[in-house]
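The structure appears right after this line, and notes come after that.
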Amino acid sequence: MHDHASGHIDLARLRDVLDGPWAKVRNAHREHLDERFLPVYGETGDQARERISRLLTELPVELGIASAFPTEYGGSADVGGSIIASEMLAQVDLSLMVKAGVQWGLFGGAVQALGTQRHHDAYLRDIISGTIFGCFAMTETGHGSDVQQLRTTCTYDPQTQTFDLHTPHEAARKDYIGNAARDGRMAVVFAQLITNGQRHGVHAWLVPIRDAQGNPLPGVTIGDAGPKAGLLGVDNGRLSFDHVQVPRDMLLDRYGQVAEDGTYSSPIENDSRRFFTMLGTLVRGRVSVGGAASAATKSALTIAVRYGDIRRQFDTPGADREVLINDYLAHQRKLLPALATTYALHFAQTELVAALNEVQGGDGPVDEHRQRELESRAAGLKAAQTWHATRTIQMCREACGGAGYLAENRLPSLKADTDVFTTFEGDNTVLLQLVAKGLLTGYRDEFGSLDGWGRASFVAEQVREMVLERTAARSLIERLISAVPGRDEEVAVTDRGWQLKAFEDRERHLLDGAVRRLRGGAATKKDRPFDIFNDVQDHVLAVAAAHIDRVTLEAFVAGIEDTADPAVQALLSRVCDLYALSVIEANKGWFLEHGRLTPARSKAITGVVNGLLKELRPHMRTLVDGFAIPDTWLHCAILREEPRRQETMSAHDASSTQAVPV
Numbered sequence: 001m002h003d004h005a006s007g008h009i010d011l012a013r014l015r016d017v018l019d020g021p022w023a024k025v026r027n028a029h030r031e032h033l034d035e036r037f038l039p040v041y042g043e044t045g046d047q048a049r050e051r052i053s054r055l056l057t058e059l060p061v062e063l064g065i066a067s068a069f070p071t072e073y074g075g076s077a078d079v080g081g082s083i084i085a086s087e088m089l090a091q092v093d094l095s096l097m098v099k100a101g102v103q104w105g106l107f108g109g110a111v112q113a114l115g116t117q118r119h120h121d122a123y124l125r126d127i128i129s130g131t132i133f134g135c136f137a138m139t140e141t142g143h144g145s146d147v148q149q150l151r152t153t154c155t156y157d158p159q160t161q162t163f164d165l166h167t168p169h170e171a172a173r174k175d176y177i178g179n180a181a182r183d184g185r186m187a188v189v190f191a192q193l194i195t196n197g198q199r200h201g202v203h204a205w206l207v208p209i210r211d212a213q214g215n216p217l218p219g220v221t222i223g224d225a226g227p228k229a230g231l232l233g234v235d236n237g238r239l240s241f242d243h244v245q246v247p248r249d250m251l252l253d254r255y256g257q258v259a260e261d262g263t264y265s266s267p268i269e270n271d272s273r274r275f276f277t278m279l280g281t282l283v284r285g286r287v288s289v290g291g292a293a294s295a296a297t298k299s300a301l302t303i304a305v306r307y308g309d310i311r312r313q314f315d316t317p318g319a320d321r322e323v324l325i326n327d328y329l330a331h332q333r334k335l336l337p338a339l340a341t342t343y344a345l346h347f348a349q350t351e352l353v354a355a356l357n358e359v360q361g362g363d364g365p366v367d368e369h370r371q372r373e374l375e376s377r378a379a380g381l382k383a384a385q386t387w388h389a390t391r392t393i394q395m396c397r398e399a400c401g402g403a404g405y406l407a408e409n410r411l412p413s414l415k416a417d418t419d420v421f422t423t424f425e426g427d428n429t430v431l432l433q434l435v436a437k438g439l440l441t442g443y444r445d446e447f448g449s450l451d452g453w454g455r456a457s458f459v460a461e462q463v464r465e466m467v468l469e470r471t472a473a474r475s476l477i478e479r480l481i482s483a484v485p486g487r488d489e490e491v492a493v494t495d496r497g498w499q500l501k502a503f504e505d506r507e508r509h510l511l512d513g514a515v516r517r518l519r520g521g522a523a524t525k526k527d528r529p530f531d532i533f534n535d536v537q538d539h540v541l542a543v544a545a546a547h548i549d550r551v552t553l554e555a556f557v558a559g560i561e562d563t564a565d566p567a568v569q570a571l572l573s574r575v576c577d578l579y580a581l582s583v584i585e586a587n588k589g590w591f592l593e594h595g596r597l598t599p600a601r602s603k604a605i606t607g608v609v610n611g612l613l614k615e616l617r618p619h620m621r622t623l624v625d626g627f628a629i630p631d632t633w634l635h636c637a638i639l640r641e642e643p644r645r646q647e648t649m650s651a652h653d654a655s656s657t658q659a660v661p662v
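If you count the sequence shown from 1, position 152 lands on 152 in full-length UniProt numbering, and the numbers rise without skipping.
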């Protein structure tokens with residue numbers, strides 16, 4: 001039981017809030033993934049690959065790793081559950097999560113999303129069972145982010161009724177492809193479709209690359225990508241094709257068909273629109289990567305916070321013991337804002353997974369507007385979560401001193417394995433541009449989806465207006481914002497409406513300015529479309545970052561509103577204050593330059609943040625315990641000597657927390 005008056009936090013209630021709608025999936029993983037699945041420190045690349053490949057086939061059926069697939073092939077049509085499954089795997093071993101993601105998310109997901117029933121009938125059962133290991137061959141050495149310009153060709157020959165798949169030069173080699181170096185038997189290969197002398201843009205084919213003995217098939221050259229900084233258990237490789245014959249029916253033809261005589265047809269006539277519709281169906285991978293990065297961040301923070309509660313350093317006059325490092329303000333300044341941001345991103349991810357499940361989980365036609373909004377949100381959150389992971393895991397390593405550098409304490413592998421998350425499934429800087437374009441209505445209307453800057457067919461005069469769509473709890477947010485009095489100086493910086501308004505105002509102002517500059521550029525640089533965009537690129541990236549900050553805060557506010565337990569709600573409300581004010585503090589320059597803060601109020605924010613750190617200090621352990629990561633999974637030597645802690649931890653008097661409206 002818990003007692004609201006004295007502010008006891010019932011850990012089980014906090015965990016319920018964080019576990020969310022897919023709590024069953026989370027608990028199945030906690031129950032079934034034991035020591036066998038944990039990373040092995042110090043193993044060689046070959047040992048790691050062998051171990052991860054073996055473990056992939058031993059993952060318990062109860063976990064529903066392949067749950068996104070239709071029930072008739074052995075899945076459970078639970079798209080959201082598959083994302084949560086990858087988050088949980090990420091807390092056990094990131095190589096295992098990535099390898100599973102390649103097999104069932106990218107390879108299997110592409111066959112499901114881009115193929116038709118005959119492909120599903122022929123291959124999905126074997127993909128789900130792991131009888132066929134496969135890879136997702138999109139990225140090329142010379143074209144990573146710009147997929148539309150891939151150089152690999154696949155040319156149809158009506159005489160033989162086959163496609164000729166060819167790598168025309170070294171820069172068109174498929175590179176960094178997971179599952180390619182060792183285990184892949186088939187690949188979904190993306191290439192330019194050519195038939196009857198005409199190009200129809202990028203399509204995908206299902207191509208066998210190895211025989212039953214594991215030898216490359218004729219015309220297929222397979223190489224190893226070589227040693228990497230992390231993810232040793234994932235066999236990244238390189239693929240080249242020398243006029244490989246691919247049967248006509250191996251084209252994944254949901255969005256583009258080629259008849260026996262070579263006639264091309266598609267339900268979507270515009271090449272660009274078709275391409276982005278195809279890519280949109282693959283958004284699941286991006287959502288998984290963001291969630292997995294956050295899951296790894298939670299592991300790192302749990303280790304650092306728990307270590308800070310047992311590690312002492314320097315004594316204080318009159319005391320007989322040295323000071324716990326978590327009691328130092330400087331240490332709290334590192335850990336608590338990062339923890340608050342992790343909470344905020346957790347709620348944003350929960351909302352994103354629910355939206356994905358709704359958009360892609362149904363049988364009916366996909367709502368194109370919702371799909372585009374989903375793509376944009378997935379892109380932005382993936383960037384925010386992976387950059388946050390990279391910063392926070394490094395900070396946790398430093399917070400654990402020399403111990404944090406030892407492999408046995410987990411942090412080095414978390415650091416190395418998540419590093420590439422900022423790059424794969426979309427380079428973060430490119431993804432933020434995609435978010436910004438999604439906010440410009442002229443752009444969205446012209447293309448129906450999101451594509452590269454500077455295309456000559458789009459001119460900046462078409463940027464008519466900006467879109468500021470509410471995400472979560474629309475009426476609640478509007479109510480909080482409209483309740484803020486006119487004069488900012490009179491409002492407490494902990495007022496939720498004021499915080500929401502500050503985030504929204506920053507986004508709106510930045511977006512307005514970007515639109516103005518794009519229009520101005522269109523007038524003066526008509527003949528230089530690239531320069532129109534390139535000259536405002538920094539501005540555009542700032543817009544996207546401000547947008548994601550707002551979306552994240554709104555999701556956190558909605559999550560607090562949905563929390564039934566008053567003590568947990570009050571605690572989350574203080575964590576949300578810390579998140580909001582940390583973002584404002586980090587962007588003080590902008591707020592001061594634009595007259596949104598007076599110097600006095602700006603200084604006051606730092607004081608309020610420091611006050612929040614003191615107030616949240618007794619809850620640090622509770623907040624990381626809310627993530628409910630099993631001790632075994634942390635796999636960290638410095639925590640083994642930790643004294644046992646009671647399940648329910650009493651908080652300091654929470655009367656002050658409950659006075660703040662949520």
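A virtual CB, placed ideally from N, CA and C, is assigned to each residue, including glycine. Just so it is clear, the structure is predicted and the values come from calculations on it, not from any experiment.
CB-CB length for residue i against residue j, believed under 8 Å
| i | j | result |
| --- | --- | --- |
| T316 | V305 | At roughly 21 Å, the Cβ-Cβ gap does not stay under 8 Å, so T316 and V305 are not in contact. |
| R15 | G626 | 6 Å |
| Y579 | Y343 | 7 Å |
| S294 | H346 | 6 Å |
| A567 | H8 | 6 Å |
| R274 | D175 | Incorrect: roughly 25 Å between the Cβ atoms, too far for contact. |
| G233 | I477 | Going by Cβ atoms, the distance from G233 to I477 rounds to 43 Å, so no, they are not a contact pair. |
Whether residue i touches residue j by CB criterion (9 Å)
| i | j | result |
| --- | --- | --- |
| S413 | I629 | no |
| E87 | A292 | yes |
| L63 | L33 | yes |
| T277 | L634 | no |
| G201 | S272 | yes |
| L541 | L623 | no |
| A436 | H509 | no |
| T297 | T418 | yes |
| R106 | L96 | Correcting the residue identity first, residue 106 is Leu in this sequence and not Arg. Not in contact: L106 and L96 (Cβ atoms no closer than 9 Å). |
| H203 | G256 | yes |
| E373 | G438 | yes |
| G290 | T386 | yes |
| R254 | A68 | no |
Residue closest to residue i, alpha-carbon to alpha-carbon, out of the options
| i | options | result |
| --- | --- | --- |
| L193 | D549, S266, I128 | S266 |
| G197 | T153, P218, D235, R173 | T153 |
| E260 | V188, H203, Y156, V189 | Y156 |
| L411 | I222, H169, D121, G230 | G230 |
| G159 | A137, T195, F133 | The amino acid at residue 159 is misidentified as Gly; the sequence shows Gln. Checked all of A137, T195, F133; the closest Cα to Q159 is T195. |
| Q149 | T131, A172, F133 | A172 |
| D505 | I481, I393, T524 | I481 |
| D235 | D224, V244, F241 | D224 |
| R286 | L335, L356, H243, G219 | L356 |
| T263 | V244, N215, R199 | R199 |
Buried or exposed by the 16-neighbour rule on C-beta atoms within 10 Å, applied to residue i
| i | result |
| --- | --- |
| L329 | exposed |
| L11 | buried |
| H594 | exposed |
| G367 | A small correction: the amino acid at residue 367 is Asp; Gly does not occupy that position in the sequence shown. The residue is exposed, with fewer than 16 neighbouring Cβ atoms inside 10 Å. |
| residue 663 | Lying outside 1 to 662, the shown extent of the chain, residue 663 is not represented and no answer is given. |
| F530 | exposed |
| T390 | buried |
| R596 | buried |
| G404 | buried |
| G20 | buried |
| A544 | buried |
| P39 | buried |
| R210 | buried |
| V102 | buried |
| T422 | buried |
| V61 | exposed |
| L450 | Any answer about L450 is weak, because its pLDDT of 46 lies below 50 and its placement is not dependable; what the coordinates show is given next. With 16 or more other Cβ atoms within 10 Å, it is buried. |
Any chain C beta carbon closer than 9 Å to residue i
| i | result |
| --- | --- |
| A300 | No chain C appears in the structure shown, which is made up of a single protein chain. |
For this session: Indicate whether the contact test is met: 3 or more Cβ pairs, each with one atom in the stretch 340–359 and one in the stretch 547–559, closer than 8 Å.
Result: yes
Exercise. Using 8 Å as the Cβ pair cut-off and three pairs as the minimum, do the stretch 155–164 and the stretch 112–130 touch?
Worked result: no
For this session: May I ask you to verify whether the stretch 76–96 touches the stretch 243–257, counting CB pairs closer than 8 Å and requiring at least 3?
Result: no
Exercise. Are the stretch 397–411 and the stretch 66–77 touching by the rule of at least three beta carbon pairs closer than 8 Å?
Worked result: No, they do not touch.
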